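Those sequence lines, one after another, are chains A, B, C and D. Numbered by this note's numbering, the letters in the first sequence go through residues 7 to 380 in order. Numbered by this note's numbering, the letters in the second sequence go through residues 195 to 561 in order. Numbered by this note's numbering, the letters in the third sequence go through residues 54 to 536 in order. Numbered by this note's numbering, the letters in the fourth sequence go through residues 9 to 82 in order.
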Amino acid sequence: MKKTASILLALCMPFLLSGCWSSEEITTLAIVMGIGVDAAADGEYEVTVQIAQPSNLKFMSGGDNQDAYFNASSTGIGIQQQMHQFETELSREIYNGHMEMIVIGKEAAEGGLEQIMDYFYRESEARFNIPIVIADGKASDLLDVELKLERLPVSRLAGMLSTNRVDMVVRKITMDDFLRNAVSNSSATLPIIEQLEEGALETKGVAVFDKYKMVGELDQEQARSMLILTNKYGGGIATIELPDNGVFTFEITKSSASVKPECENGELSVNAEVYLEFRVSDVSEIGELYSDEARHNAEKMVNAAMFERLADVITRSRELNADVFDFADIIYCRYPRESESSIKNWDEEFRNLPVSISVTSKMYSSGAVLKNIQ
Amino acid sequence: MSEKKLTKWQFISIGVFFMMGTILHTSFVSAIAGRDAWLIPIMGFVMFLPTLIFCWRIGNMFPNTGLYEINELVFGNIGGRIVTFLYFLFFLNVATLNHVEMSAFSATYLLRGTPIVVCGIMIVMAAVYAIKKGIITVGRASGALVILMLVLNAISFIQAIPQMDIDFTAPAMVQSPGVYARSSHISSTIMYGEGLALMVFAGRTGKKVNMGKSMLIIMLIAMVYMIQIHLREVLLLGPLVQFTRLPSLEAARMTGKSDTVSRTESIYSLIMLLCSLFRVLISFFVSLSALRKVFRLKTYQALVVPMAAFIAAYSLYALESPEDSYFYAVNTTPFIWALFTFVLPMFTLVIAVIKRKAKLPDRGGAV
Amino acid sequence: MSESVEKNIQRMEAMFRGDRDFVVREFELPDGTKAAVIFIDGLVNAKVISEHVIKPLMRGRPVNVSETGSAFSDEEAAKAMLSGDTVVFIDGIGSAEYYNTKGFPTRQVSEPETETVIRGPREGFTESLQMNTALVRRKLKTTHLRMELIQIGERSKTAMCLCWLDDVANPELIDEVRRRLELIDVDGVLSSGYIEEYIEDAPYSVFQTIGSTEKPDVVAGKLLEGRCALLVDGTPFALTMPMLFVENFHSPEDYAIRPYFATFLRLIRFAAFFVSLALPAFYVALVNFHQELIPAPLLYTIASASEGTPFSLTVETAVMLLTFEILREAGVRLPRPAGQAVSIVGALVMGQAAIEAGVVGAPVVIVIALSAMSGFVSPTASNAVAVLRWLLLLAASLTGGFGLVMTLLCVYLHLTSLTSIGAPYLHPIAPLSPRELGDTIVRIPVEMMINRPSPFHTLDKRRKAPYNRATFTEGLPNEGSEP
Amino acid sequence: MIFVIAGFAALTAYELPGLIKRRDAKEIAAVTLITAAALYYFVCYALSVNAWSPMDRLVHWLESGLGLSYSRFG
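Structural data, given as C-alpha cells:
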C-alpha cells in the first residue's frame, strides 16, 4: 500500500509543477452568442460578434435593462484571423460554445460560403446544429435589431424561426442540414430575414444555394410550396384572391406529400401526391359553407390554387437550376442502378425531369359560425 | 476467503468493456462505408469467425491456459517464447495506437489547451494505478461498471431518437463491393481482432469458464454494441458521417432538444474516455504479461511504471502525427493486424491439431 | 504466599504502596485465628462484602457468593483485587481465597446519541461489559450464541468479549479474528477504536472496514447475518466484523418502516454520498473546463456572480470548504447547547456576509453547503468523504472532467480491492451478485430475505423458510373471489 | 514541459532501488532498458527532434515495399 501511495504522489508531481492549460476562469471568457459575416471589399469579410454581458443579463425585475450585449466587428481575410483579432482587442478570450445563431449577409452568401462554413465546422467548440440565417441587407444591422421581449437580438432571431407556427413559411435550417445538401446533389436553402423600418423583422423567403454559392431566392409563397412538397410544412395561413377581388383565407392545419419516383424502361419521372387539410379563417362572400356542395367547390378552389403554386415553385427551381426538393436523393434511393448515369449531370437531368403533381384537400371546419352573418 | 480467479461474468464484463473501447475507432469504418457503416460490424464479425473458431478449439484443447502458455505448449520452449514475443510486439502496438487515439481525443475535445503529451501521461497514470491494484480487482470492478456504461449508452441512444432520420440509410448496400471488403477487413482486424488480447486471461479464469463460449458471448455483445454506435451516427449525421473525424462525439453533440439538457456531449465524451481507457489498460497489461513470459521474470510489478512511461513516450512518435491516426488505420494497419489476429492464431491451431493427431494414434491418451 | 496473615498484608501494601483506595480489614474467626479481608474501595460493592463475606466468616458459616477462586501468588491476588474481587487471607492457610463482589457504578441503559432512531428499539450499550453482554444475550436467547472472553492490554488488561453464533458464523472467520486479536501486544486499550485499526485488513485506507454500533439490536442483526461482534469493556461501541461498504448506508430503522420508504431513504443516502463526494469537484470542472454543459441562463448567473470575486474559482471553493469543515468541528466539540448555536449562526452569517462582501460567489456557497450537509447523511462514511473530497477537488481543478473521472475510477478500484477480514468490501456491487442487491441498495420486503449474505460463507445459508402468506389471504374479502 | 519529463524519469527510476535490493539481474536489465527507451523518446520530444519510430518504418516499408496498403489500389 505504501508503494502505490508513493507512486500516486510521484505521478502527480509533474502536474503540480506545470499547472493546468485548459482551465479558463469564467470571468475571462467573452461569451459569444451569435456571429454575423458580411462581404467587405475584394474578398475580405466583416465579422461581427455579439457578446453577452452577464452582469446586465441577470434577471432584474423592473430594473432598467441597459444593453445586455455589445457587438464587436472587424474586417479581414479569414474568419479565424478576425477571432484572434477580437481576442487582442477585447480583454477576454473568445468562447463560442454557446453560439445560438450564424447570420450571413446577402452579398457574402452570393460570393460563396466555403470559407465561412469551413471555419465553423472545423472549429471544435461550435456545434453542428447551429441555425444559419441570411440577412437581406447587412448581417451587422440584423444583429443590432431593436429589442422587444428578448434581451439579446440573437435570441429574438432564433425565436422567430422556431416558434412562429402561425405563418410557417420558413423552417429553421441548421448547419448540418446545409452541409448535408452541399455534399449531395440537391441544393440547400436558407431562410432570409428582412429588416423593415423601426425594428420590424419579417421572413422574406428562402435563399437557394448551389453547393456553397447562393444562386437565387424564393418568395414566401414559393417557399411554402417547397416546404409542402418536401413534406416539412407544419401549417400556416394562406390566401386566395377570388375573381371579384374578394379574398378567401384558410389555415392549412395538416399537409403531407408523398413523392414517388417512377422508372419505366430507363425513363425517370416523379409523381407527387399532396394531401391538405385546412380550416376556413375568413371569407368575403362564398356564403354558407356547411352544405356539401359549398364545401366541395371550396376544396376544388383550394386544389386549383395550390396546384398552380406548386407548379410555379417547380418552374422557378428549374430556372435556378437547383433541385430544392431532394428529388436526386429520392430517385437514387429508389433506383440506384438506373439513376447512376443521370445523377452524374443532374443539372440538365433535373431541368427536364417530368414531375406530375396532384393535390387533394379536405376542409374540415368553417370556424365557429355556420354562415356569414349578413 | 476471497477467490483469486476471475468468474465467468467477470471475464465477460472485462471482455465487453474492452470491446466498448472501439468507440474511438468508429471513424475508420464510417469514413469508408459512409451510410452503410452500421452493416459493417456484421460482416466484420463474419470475417472474424476463423479467429473465434481458433479461440473455441484452443480453449477446449487446453482448458484454462492463457494464450502464452498455449504457445509454449504448442511450439515448445524456444518457439513458444518467440511467438509470445511476436504477440508482445502486437499488443504493445495495440496499446500505443489506442493510447494515441485517446490522448488526441482528450487533447482536442476535453482539455482543449493541454499539450498531447500531458494527456498521454495522465491516461497512462490511470492505467498504472489500475494495474497496480491487480487485474482481479479490475475484473471485479468491471462487473458493475459495464452495466453502468451500457445503460448510459442506451439512454443516450434513446434520447437521440427524435432527431434521427431513417432515410439517411436509404440506398443500402449499393456501394462497390471493394468498399465493403475493405471496411469489414478493417472492422474484423482492428475492432474485433484486438479482442484476441482477452485470450491471455484464460489462465486466470476459474474452473468452469469455457473460453470459446465466453469469447463468443463477448464478441456478440460487441457486435450489437458496434451496430448501435454506427446506426446512431448514420441516423444523426447522414452523409456527413464520412467527413467527421469523431462521428460518435459529433452525433452526441447533435442530440439535445430543450436548452437545459441540450449540450450533453461532455458527459458522453467522459463515457467514451472510460471505455477507451479500459482498452488501453487491458492491452497494456497483456503486453506486460507477454514480456514477463518471454523473459521468465518472476513478477511484472517492477515493469509496470517503466512500460507505461515507454508507451506514453513512444505514442508521440508511433505515427507521423498523432492527430491523424485515421490515415494509418484505414490503409496499412489492417494488414499488419491481420497478420497477428488471423495468420498467427491459425498457424498455432494447425500445429496444435497436428501435434494432437501425432500424439493420439501411438499412445492413445490425451495430451 | 506465606502462612501468616501479617506478612501477606505487608507484601500487598508494598505492592500498592499505600494507595488511598487500598483497604485492609482485619478480624478474627470464631475459633480465634486471625484473618484479613483486602479490597479496592470503589471497585467493590461494600454492602455485599459486609453482608456476605465478613459476617458469615465471623460466624463460621461458609461464604455464599456467586464466583470464587483461590490465588496462590501475589500477582493473582492483585489481579483479582483490580477486577473488583475481595481477597481473604486466613492465618495458617497457604493460599488466599477471592470472592466476586464487583459493584462499580455504571451508566444506565439510555438511547445512544449517535444512532437516534424514530421507530425501533432505543436501548444502547453502556460502558460495563457485563451489561453489554446481557443486552446482547436478551436479543438472541439461543445456546448457540458464543461469548469468548479475551484480555488485551498489558497494563489496561481490558476484557473483551468476542461473540458469534456458532451454528451460523463461519469458524474460519472466527479463528482469523481471534488470531489477529492475539497478535495485539499493546500496553493500554482504552476504546474500541484502538482495536479497530489493529485488526483491519487495510489500515492505510480512508474507508472504515470494521463496523461500530451502539445498539444491541443492530449487533444481534449482524450476528444473525453470520458476522462476529467484539464488545470491549469500557466503551459503549461494539465492533462488528466483517463490514461491507453498503452498511454505511444502512440504518437500524430501515427494517422498522415500510420497504418502499426504506428503499427511498437508502437511495437518498447513496445519492447524498456521491453528492458530498463529487459536487464541489464537479462544479469546478463544469465552470472552469466544460462551460458548454451549463445552460445559457445559468451561465449568465454564474458569470455575473463571479464577476467581482477576487479569487479564482478553485481557491474560492477550497476556502469555503475549509470554513464549513471548521464550523462542523466547532459545532461537535462544543457542549451541546453552544454547539447548536455555533454551527447555525456560523453557517448563515458567514455565508451571507461573504456573498455580500463579494469575497465569494453565491453559487459556490450553495454548492459547498449542499455538499457539506449531504456529508452528514451517513456519519460513518462522512470522515472518508471529507478527505476524498479534497483529492477530487484537486484533480478537477487541474484537469477538469478528465481528472474527475479518472480519480473516481481510482477510488472505485481502491474500494474494490479492499477486503474486510477476507470478505470483499464492495460485495454486492464489485463482485456483482444481483440476487443480493435486494437487501443492500434497496430494501426488499422481509419475506424475500431468505438467504444470508454470501461473502461470509455462513454454515446455514438460509435465514428462514419462505413465509407462507397464502394460508391467511384466502379469507380476506377483497380477494376478488366473489362470484 | 521539462518538468513533465523530469517527473516521469524520476518516477521510472523509483523502481530501481527496490530491484537492486532483490538482485534480479534480468529484471534490472529489463527495467533500465525500457526506462532508457522511454527517456529517449521523451528527450527527442522535448528537443522536438524527429525520433526513429519502428511503427512508421514498418508502415512505409509495407506501403512502398510490399504494396500492402489500400492507398495503393484506392
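Ideal Cβ placement from N, Cα and C applies to all residues, glycine included. The structure presented is a predicted model; accordingly, all values stated were derived computationally and were not measured.
Counting the other Cβ atoms within 10 Å of the Cβ of residue 520(C) gives fewer than 16, which makes it exposed.
Residue 178(A) sits in coil when the DSSP states are folded into three classes, being neither helix nor strand.
Pairwise C-beta distances place the segment 357-370 of chain B out of contact with the segment 537-548 of chain B, as fewer than three of them are shorter than 8 Å. In the three-state reduction of the DSSP assignment, residue 142(C) falls in the strand class. If you draw a straight line from the Cα of residue 248(B) to the Cα of residue 407(B), it is about 12 Å long.
For residue 237(B), the closest alpha carbon among the candidates 401(B), 380(B) and 476(B) is that of 380(B). Taken through DSSP and simplified to helix, strand or coil, residue 273(A) comes out as strand. In the displayed model, residue 81(C) falls within a strand according to three-state DSSP. At the C-beta level, residue 446(B) and residue 278(B) stay beyond 8 Å of one another. Here residue 504(C) is bridged, per DSSP, to 515(C).
When the five nearest sequence neighbours on each side are left out, the beta carbons in the same chain lying within less than 8 Å of the beta carbon of residue 387(B) are those of 242, 245, 531, 532, 534, 535 and 536, in order along the chain. Comparing alpha-carbon positions, the option among 308(A), 51(A), 86(A) and 223(A) lying closest to residue 200(A) turns out to be 223(A). Counting only Cβ-Cβ distances below 9 Å, residue 200(B) has no contacts in chain C at all, with the closest Cβ about 10 Å away. Collapsing the DSSP output to three states places residue 285(A) in a strand. Contact between the segment 199-212 of chain B and the segment 323-336 of chain B is established, with three or more Cβ pairs separated by less than 8 Å. Within the same chain, 102 and 103 come within 6 Å of residue 131(A) by CB-CB distance, once the 5 residues on both sides are set aside. Within the segment 343-355 of chain C, the residues whose Cβ lies closer than 7 Å to some Cβ of chain B are 343, 345, 346, 348 and 349, listed in chain order. Of all alpha-carbon atoms in 306(C), 404(C), 512(C) and 282(C), the one lying nearest the alpha-carbon of residue 190(C) is that of 282(C).
Here residue 122(A) carries a helix assignment [DSSP, helix/strand/coil]. Nearest to residue 390(B) by alpha-carbon distance, out of 476(B), 438(B), 273(B) and 415(B), is 476(B). Assigned with DSSP and collapsed to three states, residue 54(C) falls in coil, not helix or strand. From the listed residues 325(C), 504(C), 88(C) and 351(C), the smallest Cα separation to residue 435(C) is found for 325(C). Just so you know, the alpha carbons of residue 433(B) and residue 366(A) end up roughly 34 Å apart. Looking from the CA of residue 399(C), the closest CA among 216(C), 384(C) and 328(C) belongs to 384(C). Residue 242(A) carries a strand assignment under DSSP once its states are collapsed to helix, strand and coil. As a beta-bridge residue in DSSP terms, residue 150(C) pairs with 123(C) and 141(C).
For chain B, the residues of the segment 32-43 of chain D that bring a beta carbon within less than 9 Å of one of its beta carbons are 32, 34, 35, 36, 37, 38, 39, 40, 41, 42 and 43, in chain order. In its chain, beyond the 5 residues on either side, 124, 130, 140 and 142 have a beta carbon closer than 6 Å to the beta carbon of residue 149(C).
Within 10 angstroms of the beta-carbon of residue 257(C) lie fewer than 16 other beta-carbons, which makes it exposed. From the beta-carbon of residue 70(D), the residues of chain B found nearer than 8 Å are 526, 529 and 530. Taking 8 Å as the cut-off, the Cβ atoms of residue 211(B) and residue 340(B) count as close. Taking each of 165(C), 211(C) and 381(C) in turn and checking the Cα distance to residue 132(C), the smallest one comes out for 211(C).
In the DSSP annotation of this structure, the continuous segment of the alpha helix (DSSP H) that includes residue 465(B) starts and ends at 459-489.
Taken atom to atom, the span from the alpha-carbon of residue 312(A) to that of residue 88(A) is near 47 Å. Within the model, the alpha-carbon separation for residue 222(B) versus residue 411(C) is close to 52 Å.
DSSP links residue 101(A) through a beta bridge to 37(A).
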